[in-house]
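K.L.:
The numbers in the working numbering rise by one with no breaks, and the one at position 295 of the sequence shown is 282. Backbone N, C-alpha and C fix where the C-beta goes; we use that ideal spot for every residue, glycine too. Handing you this structure, nothing more for now.
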Amino acid sequence: MPLPLYLLAMAIFTMGTSEFMLAGLLPDIASDLDVTVGTAGTLTSAFAIGMVVGAPLVAGLARNWPGRTSLLGFVLVFSAAHAVGASTTSFPVLFATRVVAALANAGFLAVALTTAATLVSPDKKGRALAVLLSGTTVATIAGVPGGSVLGTLLGWRATFWAVAALCLPAALGVLKGIPGRPAKEDTTGGPALRSELAQLRSPRLILVMLLGALVNAATFASFTFLAPVVTDTACLDELWISVVLVLFGAGSFVGVTLAGRWSDQRPGLVIAAGGPLLLLGWLALAVLADQPLALLTLVFLQGALSFALGSTLITRVLYEAAGAPTMAGSYATAALNVGAAAGPAIAATTLDSTAGNLGPLWASGLLVLVALFVAFPLRGVIATGRSGEVVR
């Protein structure tokens, strides 16, 4: 894989750390800014909604800019948003910085996904996507626990400053590693924006976006609420929360890496095998979460299956949106983040039910079951390339 892909993954690592790090910082933010923990939790929703709205909006605005200029600008805006957030004493200002950061993140990821597809041959989009998403998975392994420790030792503002600082080497990597092209070169011969947006009328594209959103919703429904499962259901010490998060992240890295080798040529196999296993895994976790060994094992496996299946579906989005070369990445980003926003919201409604802390795990299973019901009668469509060849 080309070096620029790994430089883009470094930037995505930084942004992924920011997206997930709030889970361990909300109590301190609430106390420092004199708001409730529930109010502080809206910072997570603001980021997810900003990603959903921002992906197509910002990608559309930046479609005529040179790729390197767009990526560099998004990284610098992301860094500035975190510097302002680290400095403010006002919750509304902090909330606004999360929205701005989400827009920059959405724009960066949308352009990065599109750029990645141009850096490799047409039959290697899945492997290129796997390299990019490895930045997110490494963030869950190292960045999020590291940010949590830094926040515990030095306060939540130190974590925001660290993210702002990490953006600078990422920006340098973009500047040095991504080929620069004049804007005219980027856009000559490309389809009009209206033509690219018209791709959203494709039933095949809508189908894979829907399935990607459902699988990602299942992932974030449980990931967001793992902490009480660890401490209250499995009766483990709080230190085990970080261990569980690292295991989930390690599993996701393995899943993305393995799926990257299969999602281009055999997506049907990944979906047919991974879908049912993912469903069984969530159900098993809901039943066995009170057993520490089973919890630790299943969390790793669910991380691997969730990201293997999710990354394969997002790869299919890029293939199905091939007629929208500057907007395809934004469609994939929107699908991912619709799931990231909807999953925790759905899971939260189960916490007051008789299922209690296990509610999100059952909700994840239900979301995967819905995805399987949608996918099964259309499995041939999902595993077929745009030219009609079956790539099972």
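Between glycine 236 and threonine 124, which are expected to be in contact by the criterion C-beta below 8 Å, what is the C-beta distance as a whole number of angstroms?
P.N.:
For the purposes of this step, residue 236 is taken as the residue at position 249 of the sequence shown. For the purposes of this step, residue 124 is taken as the residue at position 137 of the sequence shown. Confirmed, about 6 Å.
K.L.:
Using three-state DSSP, classify phenylalanine 212 as helix, strand or coil.
P.N.:
The residue you call residue 212 lines up with position 225 of the sequence shown. Reduced to three states, the DSSP call for phenylalanine 212 is coil.
K.L.:
Please state if the CB of proline 132 and the CB of valine 233 are separated by a distance shorter than 8 Å.
P.N.:
Sequence index remark: in the sequence shown, residue 233 carries index 246 (1-based). Sequence index remark: in the sequence shown, residue 132 carries index 145 (1-based). In contact: valine 233 and proline 132 (Cβ atoms closer than 8 Å).
K.L.:
Of the residues Leu119, Leu(-10), Val241, which one's Cα is nearest the Cα of valine 286?
P.N.:
Taking the sequence shown and counting its residues from 1, one reaches residue 286 at position 299. Answer by Cα proximity: Val241.
K.L.:
Tell me, to the nearest whole angstrom, how far the beta carbon of isoleucine 301 is from that of leucine 116; I am working on the premise that it is less than 8 Å.
P.N.:
By one-based count along the sequence shown, residue 301 stands at place 314. By one-based count along the sequence shown, residue 116 stands at place 129. With a Cβ gap of about 6 Å, isoleucine 301 and leucine 116 count as contacting.
K.L.:
Helix, strand or coil for aspartate 173? Go by DSSP, reduced to three states.
P.N.:
Taking the first residue of the sequence shown as position 1, residue 173 is located at position 186. Caution applies to aspartate 173, whose pLDDT of 44 falls short of 50 and renders its modelled position unreliable; the value that the coordinates give is listed next. DSSP places aspartate 173 in helix when its eight states are reduced to three.
K.L.:
Which one of Leu283, Arg114, Thr206 has the shortest CA to CA distance from leucine 292?
P.N.:
Walking along the sequence shown from the start, residue 292 turns up at place 305. The candidate whose alpha carbon is nearest that of leucine 292 is Thr206.
K.L.:
Grab the span of the alpha helix (DSSP H) containing aspartate 19 for me, first residue to last.
P.N.:
Sequence index remark: in the sequence shown, residue 19 carries index 32 (1-based). Run containing aspartate 19: 13 to 20, per the alpha helix (DSSP H) assignment.
K.L.:
In whole angstroms, give me the CA-to-CA distance for alanine 362 and leucine 197.
P.N.:
Here residue 362 refers to the residue found at position 375 of the sequence shown. Here residue 197 refers to the residue found at position 210 of the sequence shown. Rounded to whole angstroms, alanine 362 to leucine 197 spans 10 Å at the Cα level.
K.L.:
If you draw a straight line from the C-alpha of valine 39 to the C-alpha of tryptophan 227, how long is it?
P.N.:
As a working note, residue 39 is residue 52 in the sequence shown. As a working note, residue 227 is residue 240 in the sequence shown. So the alpha carbons of these two residues sit roughly 32 Å apart.
K.L.:
Answer with buried or exposed for alanine 152, where buried requires no fewer than 16 other C-beta atoms within 10 angstroms of its C-beta.
P.N.:
As a first step, residue 152 is located in the sequence shown; it is residue number 165 there, counting from the start. Counting the other CB atoms within 10 Å of its CB gives alanine 152 a total below 16, which places it among the exposed residues.
K.L.:
Just confirm the distance between the C-beta atoms of valine 380 and leucine 296, as a whole number of angstroms; I'd bet it's less than 8 Å.
P.N.:
Because the chain in this structure spans residues -12 to 379, residue 380 falls outside the shown range and cannot be described.
K.L.:
What's the call for arginine 181, buried or exposed, on a 16-neighbour Cβ count within 10 Å?
P.N.:
Residue numbering aside, residue 181 sits at position 194 when the sequence shown is read from its first letter. Exposed, because fewer than 16 other Cβ atoms sit within 10 Å of the Cβ of arginine 181.
K.L.:
Using the Cα positions of valine 381 and threonine 244, report the straight-line distance between them to the nearest angstrom.
P.N.:
No information on residue 381 is available, as it lies outside the stretch -12 to 379 that the chain covers here.
K.L.:
For the alpha helix (DSSP H) containing phenylalanine 7, list its first residue and its last residue.
P.N.:
Taking the sequence shown and counting its residues from 1, one reaches residue 7 at position 20. It spans -10 to 8 - the alpha helix (DSSP H) in which phenylalanine 7 sits, taken as one unbroken run.
K.L.:
Here's a check: name, in chain order, each residue in its chain whose Cβ is nearer than 6 Å to the Cβ of glycine 330, leaving out the five neighbours to either side.
P.N.:
Here residue 330 is taken as the residue at index 343 of the sequence shown, counted from 1. Once the five neighbours on either side are set aside, the close Cβ partners of glycine 330 are Ala204, Phe207, Ala208.
K.L.:
Do you know whose CA, among Ala246, Thr320, Pro156, lies nearest alanine 35's CA?
P.N.:
Taking the sequence shown and counting its residues from 1, the one referred to as residue 35 is at position 48. That would be Thr320, whose Cα lies nearest to the Cα of alanine 35.
K.L.:
Along the chain, where does the alpha helix (DSSP H) containing alanine 350 start, and where does it finish?
P.N.:
On the sequence shown, residue 350 is found 363 positions in, with the first residue counted as 1. Where alanine 350 is concerned, the enclosing alpha helix (DSSP H) stretches over 346 to 362.
K.L.:
Can you round the beta-carbon distance between valine 355 and tryptophan 249 to whole angstroms, since I take them to be within the 8 Å contact cut?
P.N.:
Working through the sequence shown from its first residue, we reach residue 355 at position 368. Working through the sequence shown from its first residue, we reach residue 249 at position 262. With a Cβ gap of about 19 Å, valine 355 and tryptophan 249 do not count as contacting.
K.L.:
Could you pull out every residue in the same chain whose Cβ sits closer than 6 Å to the Cβ of glutamine 278, ignoring the five residues on either side in sequence?
P.N.:
As a position in the sequence shown, residue 278 is number 291, starting the count at 1. Taken in chain order, the list of residues that qualify is empty.
K.L.:
Which of helix, strand or coil does DSSP assign to aspartate 224?
P.N.:
Sequence index remark: in the sequence shown, residue 224 carries index 237 (1-based). Under the three-state reduction of DSSP, aspartate 224 is assigned to coil, being neither helix nor strand.
K.L.:
Look at threonine 76 and leucine 20 and say whether their C-beta atoms are less than 8 Å apart.
P.N.:
Within the sequence shown, residue 76 is the residue found at index 89, counting from 1. Within the sequence shown, residue 20 is the residue found at index 33, counting from 1. Contact: yes.
K.L.:
In chain order, which continuous runs of the beta strand (DSSP E) of length 3 or greater are located wholly inside the region 310 to 345?
P.N.:
If we require 3 residues or more, the region 310 to 345 turns out to have no beta strand (DSSP E) run fully inside it.
K.L.:
Classify glutamine 289 as helix, strand or coil using the three-state DSSP reduction.
P.N.:
The count along the sequence shown starts at 1 and reaches residue 289 at position 302. Three-state DSSP puts glutamine 289 in a helix.
K.L.:
Tell me where the alpha helix (DSSP H) around glycine 255 begins and ends.
P.N.:
Residue numbering aside, residue 255 sits at position 268 when the sequence shown is read from its first letter. Residue range 254 to 275 is occupied by the alpha helix (DSSP H) that includes glycine 255.
K.L.:
Sorted by chain position, which residues of the same chain lie with C-beta nearer than 8 Å to valine 304's C-beta, five sequence neighbours on each side aside?
P.N.:
In the sequence shown, the residue the question calls residue 304 occupies position 317. Closer than 8 Å at Cβ, skipping near neighbours: Leu192, Val195, Met196, Gly199, Ala315, Tyr318, Ala319, Ala322.
K.L.:
I'd like to check one pair, alanine 145 with leucine 137: are the Cβ atoms closer than 8 Å?
P.N.:
On the sequence shown, residue 137 is found 150 positions in, with the first residue counted as 1. On the sequence shown, residue 145 is found 158 positions in, with the first residue counted as 1. It is a contact, given that the beta carbons lie within the stated cut-off.
K.L.:
Alpha carbon to alpha carbon, how far is alanine 281 from alanine 33? Give it in angstroms, no decimals.
P.N.:
Counting from one through the sequence shown, the residue named residue 33 turns up at place 46. Counting from one through the sequence shown, the residue named residue 281 turns up at place 294. Computed Cα separation, rounded: 34 Å.
K.L.:
To which residues of the same chain is serine 5 closer than 6 Å at the C-beta, ignoring the five residues directly before and after it?
P.N.:
Taking the first residue of the sequence shown as position 1, residue 5 is located at position 18. Only Val150 meet the Cβ criterion.
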